[in-house]
Amino acid sequence: MTGSGAVDDKAILRHHKASPLCWAARLLSLGYGLLIALYALGVFIAASVGRGISRGEAVEWVLGLLFILLWFIPLALAVIAWRWHLVGGTLITAGSAGLYLFFAHSVNMQWGIHLYLLPLLAGGILHLLAWHMEKRTRQLPQPA
1 MTGSGAVDDK AILRHHKASP LCWAARLLSL GYGLLIALYA LGVFIAASVG
51 RGISRGEAVE WVLGLLFILL WFIPLALAVI AWRWHLVGGT LITAGSAGLY
101 LFFAHSVNMQ WGIHLYLLPL LAGGILHLLA WHMEKRTRQL PQPA
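This is the structure in structure tokens:
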């Protein structure tokens, strides 16, 4: 601490530095969202190029593209959670819980659904934990 009553530089750096938990949440959410989005886009492109698109199938192609854009939602939520842990973590956790309930009640539950939803749920929970830890450490030491 300095004699002028200002908070020392180390405390300020500690306050603004992202924790390893924060980076784990960011990388898991963003990496998984990017993986899912690129996989869906690759499947769509492969299906479109493989069979070609005729004039009569243009509407079906556009509807397929709009459906593929739904798989970009985890990526968009990861981008939101990058900056706002509470909002993004809540949306990711609620979204993965909603998807779990939807799949559990609409189709025969298979292991693939668990494997798809667990990384989403883990990313959301990690963002909520990162928010909680940042909230706890946000209180800078008061000058003496």
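First residue of the sequence shown? That's 1 in this note's numbering, and the numbers climb one at a time after it. We put the CB at the ideal spot given by N, CA and C, even for glycine.
When only Cα atoms are considered, LEU101 and GLU134 end up about 31 Å apart.
Between LEU21 and LEU120, the CB-CB gap reaches or exceeds 9 Å.
ALA18 and LEU77 have their C-alpha atoms roughly 19 Å apart. Relative to the Cα of ALA24, the nearest Cα in the group ALA37, GLY89, ARG136 and GLY95 belongs to GLY89. Here ALA81 is buried, its C-beta having at least 16 other C-beta atoms within 10 Å. GLY124 is positioned such that its CB atom lies closer than 9 Å to that of ILE92. Pairing SER29 with TRP131, the inter-Cα distance amounts to about 14 Å.
Per DSSP, reduced to three states, the secondary structure at ARG26 is helical. Ranking GLU60, LEU65, VAL87 and GLU57 by CA distance to the CA of ALA37 puts LEU65 first. Counting only the Cα atoms, GLY95 lies some 12 Å from TYR116.
The Cβ atoms of LEU128 and LEU69 lie no closer than 9 Å to each other.
Pairing PHE103 with TYR39, the inter-Cα distance amounts to about 20 Å.
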